[in-house]
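Notes follow once the structure below has been shown.
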Amino acid sequence: MYQFLKTLDRRWIFLLILLAVAIPIYWGWQFPERPSPMVRSVFEAIENLPDGSHVWMAYDYDPGAQGELHPMAFAFTRQCALKHHKMYFMTLWPQGPPMIQENIDLLKREFPDLTYGEDYVNLGYRPGYEGPIKLAVTDLRSTIAADVDGTSLDDMPMTADVKNIQEMDLIINTSAGYPGTKEWVLYASTPYNIPTVAGCTGVQSPYLYPYVPRQLNGLLGAIKGAAEYEFLLLEAYPELRENPNAREALRRMGPQLLAHLVIIALIIVGNIVYFVGRSRGDM
Numbered sequence: 002m003y004q005f006l007k008t009l010d011r012r013w014i015f016l017l018i019l020l021a022v023a024i025p026i027y028w029g030w031q032f033p034e035r036p037s038p039m040v041r042s043v044f045e046a047i048e049n050l051p052d053g054s055h056v057w058m059a060y061d062y063d064p065g066a067q068g069e070l071h072p073m074a075f076a077f078t079r080q081c082a083l084k085h086h087k088m089y090f091m092t093l094w095p096q097g098p099p100m101i102q103e104n105i106d107l108l109k110r111e112f113p114d115l116t117y118g119e120d121y122v123n124l125g126y127r128p129g130y131e132g133p134i135k136l137a138v139t140d141l142r143s144t145i146a147a148d149v150d151g152t153s154l155d156d157m158p159m160t161a162d163v164k165n166i167q168e169m170d171l172i173i174n175t176s177a178g179y180p181g182t183k184e185w186v187l188y189a190s191t192p193y194n195i196p197t198v199a200g201c202t203g204v205q206s207p208y209l210y211p212y213v214p215r216q217l218n219g220l221l222g223a224i225k226g227a228a229e230y231e232f233l234l235l236e237a238y239p240e241l242r243e244n245p246n247a248r249e250a251l252r253r254m255g256p257q258l259l260a261h262l263v264i265i266a267l268i269i270v271g272n273i274v275y276f277v278g279r280s281r282g283d284m
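Counting along the sequence shown from 1, when you hit position 160 you're at 161 in my numbering, and nothing is skipped either side.
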């Protein structure tokens, strides 16, 4: 066995990793999640708001990050819709409008009873990096006077009386970098004490964890955080279990989990082979 493992062609290892990823994808394997306290805090921040609360949905990411961030953004949107919250979508990224539009399409498809302009609104992309945040927290119309189609805020029921972001009950930010969560914390959440939760890419999460729990009520990190969040959402709203689109992050965690287990096993076997070889004087 030692000699077999020592001389094993690396192509067999590549094949093993391929199978570890392909089999869960093909069979749709999903594994139960154990939500962390941080993920649970995000869920409860939205869930504990009174029905019909006003939620600012800042989705600051592009197609390059949608693999990690789309599932959590969709989960945020679904939960807010189920709670009948008023949703105000905007983005600080020039590539962000299609990301928002996909969430708008989700609402039209899964929640046809909701009405645009009364239950949700698309405020589109606002240029200037963190500049729009600094303006909108005191005077919304100084940076956003109309929605993405040019309809005046004064002509829509859910925006007619909104003067600034300080009137929001919660800010939800999904971010892939700058400008994003850090800027919302610096210029909205902290100075004006607006409750804020966020979701971010895996590479960004270590920089944002220090903001929890004071500046951020909670934080979802990458696809793992999204999967834990979906688990909580499906647990709270059993009717979503019939919707396969509500399990996107859970489906993606299947191949990732199995591939990681295979990699860990290979590392252990590799070390065993190394130490056995050294004890025999082969190394």
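We put the beta carbon where it would ideally sit given N, CA and C, even for glycine.
Remember, it's a predicted structure, so these values are computed and weren't measured experimentally.
Proximal residues to residue i (C-beta, below 7 Å), its chain only, five neighbours per side dropped
i, result
"residue 230", "40, 43, 44, 73, 76 and 221"
"residue 184", "131 and 134"
"residue 252", "29 and 31"
"residue 242", "235"
"residue 212", "186"
"residue 115", "82, 108 and 121"
Cut-off 8 Å between Cβ atoms - residues of its own chain near residue i, not counting five sequence neighbours on either side
i, result
"residue 147", "153 and 154"
Cut-off 6 Å between Cβ atoms - residues of its own chain near residue i, not counting five sequence neighbours on either side
i, result
"residue 25", "255, 256 and 259"
"residue 96", "63"
"residue 34", "228, 229 and 232"
"residue 86", "54 and 56"
Beta-carbon spacing of residue i, residue j below 8 Å
i, j, result
"residue 79", "residue 250", "no"
"residue 18", "residue 270", "no"
"residue 55", "residue 169", "yes"
"residue 46", "residue 181", "no"
"residue 159", "residue 119", "yes"
"residue 63", "residue 177", "yes"
"residue 204", "residue 217", "no"
"residue 83", "residue 200", "no"
"residue 186", "residue 167", "no"
"residue 59", "residue 91", "yes"
"residue 209", "residue 14", "no"
"residue 237", "residue 48", "yes"
Local Cβ density within 10 Å of residue i, reported as buried at 16 or more and exposed below that
i, result
"residue 174", "buried"
"residue 2", "exposed"
"residue 140", "exposed"
"residue 225", "buried"
"residue 232", "buried"
"residue 93", "buried"
"residue 7", "exposed"
"residue 1", "Examination of residue 1 is not possible in this model, given that the chain is present from 2 through 284 alone."
"residue 57", "buried"
"residue 89", "buried"
"residue 127", "buried"
"residue 108", "buried"
"residue 162", "exposed"
"residue 275", "exposed"
Residue i at chain C interface by Cβ criterion, 8 Å
i, result
"residue 275", "Absent from the structure: chain C. Only one protein chain is present."
Beta-carbon separation (whole angstroms), residue i vs residue j, contact threshold 8 Å
i, j, result
"residue 124", "residue 145", "5 Å"
Checklist entry - Can you give, in chain order, each stretch of the beta strand (DSSP E) that sits fully within the segment 175-252 and has at least 3 residues? => result 197-201 and 219-222
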